[in-house]
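*Asks:*
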Amino acid sequence: MIKKYGIFFIAVFSLSGLLFAREKGGDKMKDVLSKIHWLGHATTMIDAEKVIYIDPWKLKEGAKKADIILITHDHFDHCVPSDVKKIQKDDTTIVTVKDCAGKLNGDIKIVKPGDKINVKGIDIEAVPAYNVNKDFHPKSKGWVGFIVTINGVRIYQAGDTDMTEEMKTLNVDIALLPVGGTYTMTANEAATAANIFKPKVVIPMHWGDIVGSRADAEAFKKAFTGETVILSPEQ
Ligand SMILES: [Zn+2]
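Taken in order, the sequence shown gives residues 18 to 252; the numbers are from the numbering used here.
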């Protein structure tokens with residue numbers, strides 16, 4: 018009898034332990050998600066233990082200064098010296114590809130697809146970003162997207178890209194994916210990709226400026242089987 022109850026209690030305690038662990042994971046995701054700010058187009062700001070900007074463009078004067086700036090490629094709406102100047106401090110580190118690095122000054126680390134570096138304690142991976150059915154972002158350029166790990170949560174900002182072979186094998190928790198089409202994936206192409214590599218949460222980006230509209234973000238949400246968070250540009 019005692020043995021029977023013993024097993025029962027062990028079962029209950031392990032179950033509650035599992036639920037607790039799951040709850041904790043959910044809270045961590047929620048916390049990291051709340052630190053991600055979409056400032057419109059591809060401009061992403063992660064306001065965590067370090068202030069990290071990705072592809073800063075059209076920033077307001079007085080924008081919070083950056084510890085780290087990541088720039089995916091050389092195009093005018095991603096690699097923007099005047100916007101970098103607005104948030105650059107003496108000790109800001111810029112991580113970018115060679116084409117963009119030549120336009121900027123300061124502490125610059127050049128990366129290519131596949132590189133993994135640690136900057137100021139933050140793990141950063143550069144992953145390939147390129148077009149497969151159009152010519153705006155050729156693979157030969159060596160342009161990138163980034164995976165940034167914050168508190169164990171892997172955040173992927175895809176850059177200007179289509180669905181690539183490499184993308185299908187990514188292991189990330191939160192993905193900012195372009196959905197505007199023309200220069201990048203369309204909403205449906207992005208959803209097809211996301212349904213393959215299965216991030217827990219997707220924030221659609223690259224809409225609302227130059228190309229794409231909220232309808233594209235909504236179309237993505239309809240086609241993606243995971244959770245979609247549609248943000249409004251914060252500036
Ligand atoms: Zn581009």
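No residue lacks a Cβ here, since even glycine has one placed at the ideal position from N, Cα and C.
Please name the residue, chosen from 129, 131, 57, 76, that lies closest to residue 105 on a Cα-to-Cα basis.
*Replies:* Of 129, 131, 57, 76, the residue nearest in Cα terms is 76.
*Asks:* Nearest-angstrom Cα distance between residue 186 and residue 108?
*Replies:* Near 35 Å, if we compare the C-alpha coordinates of residue 108 and residue 186.
*Asks:* Can you give the Cα-Cα distance for residue 223 and residue 115, rounded to whole angstroms?
*Replies:* Spanning the two alpha carbons is a distance of roughly 23 Å.
*Asks:* If you measure from the CB of residue 147, is any heavy atom of ligand 3 nearer than 8 Å?
*Replies:* Judged by which ligands are present, ligand 3 is missing from the structure shown, whose ligands are ligand 1.
*Asks:* Under a Cβ-count criterion, where at least 16 other Cβ atoms within 10 Å of its own Cβ denotes burial, should residue 195 be classed as buried or exposed?
*Replies:* Residue 195 comes out buried.
*Asks:* Within a Cβ cutoff of 7 Å, which residues of the same chain sit near residue 159, ignoring the five residues on either side of it in sequence?
*Replies:* Correct list, in chain order: 114, 129, 130.
*Asks:* Pull the bridge partners of residue 244 from the DSSP assignment, please.
*Replies:* According to DSSP, which records beta bridges pairwise, residue 244 is partnered with 218.
*Asks:* Quick check on this structure: which residue in 90, 166, 57, 204 has the alpha carbon closest to the alpha carbon of residue 67?
*Replies:* Among 90, 166, 57, 204, the Cα nearest to that of residue 67 belongs to 166.
*Asks:* Identify the continuous beta strand (DSSP E) that holds residue 143 and give its terminal residues.
*Replies:* First-last of the beta strand (DSSP E) with residue 143: 139-145.
*Asks:* When burial is assigned at 16 or more other CB atoms within 10 Å of the CB, is residue 241 buried or exposed?
*Replies:* Buried.
*Asks:* Out of curiosity, what's the CA-to-CA distance linking residue 112 and residue 176?
*Replies:* Going by the C-alpha atoms only, they are around 14 Å apart.
*Asks:* The beta strand (DSSP E) with residue 127 in it runs from where to where?
*Replies:* Residues 124-127.
*Asks:* Can you name the residues that DSSP bridges to residue 173?
*Replies:* According to DSSP, residue 173 bridges with 164, 192.
*Asks:* Please look up how many angstroms separate the CB atoms of residue 141 and residue 50, rounded, as I've assumed it's under 8 Å.
*Replies:* About 19 Å; that fails the 8 Å criterion.
*Asks:* Going by DSSP, what residue range makes up the beta strand (DSSP E) through residue 85?
*Replies:* 85-88 is the extent of the beta strand (DSSP E) around residue 85.
*Asks:* With the cut-off set at 9 Å, would you say residue 54 and residue 62 are in Cβ contact?
*Replies:* It is a contact, given that the beta carbons lie within the stated cut-off.
*Asks:* Note down, in chain order, each residue of its chain lying with its Cβ closer than 8 Å to the Cβ of residue 189, except the 5 sequence neighbours on either side.
*Replies:* Result list for residue 189: 164, 171, 172, 173, 214, 216, in chain order.
*Asks:* Spell out the partners DSSP gives residue 64 in its beta bridges.
*Replies:* DSSP, once it has assigned bridges, lists 68 as partnering residue 64.
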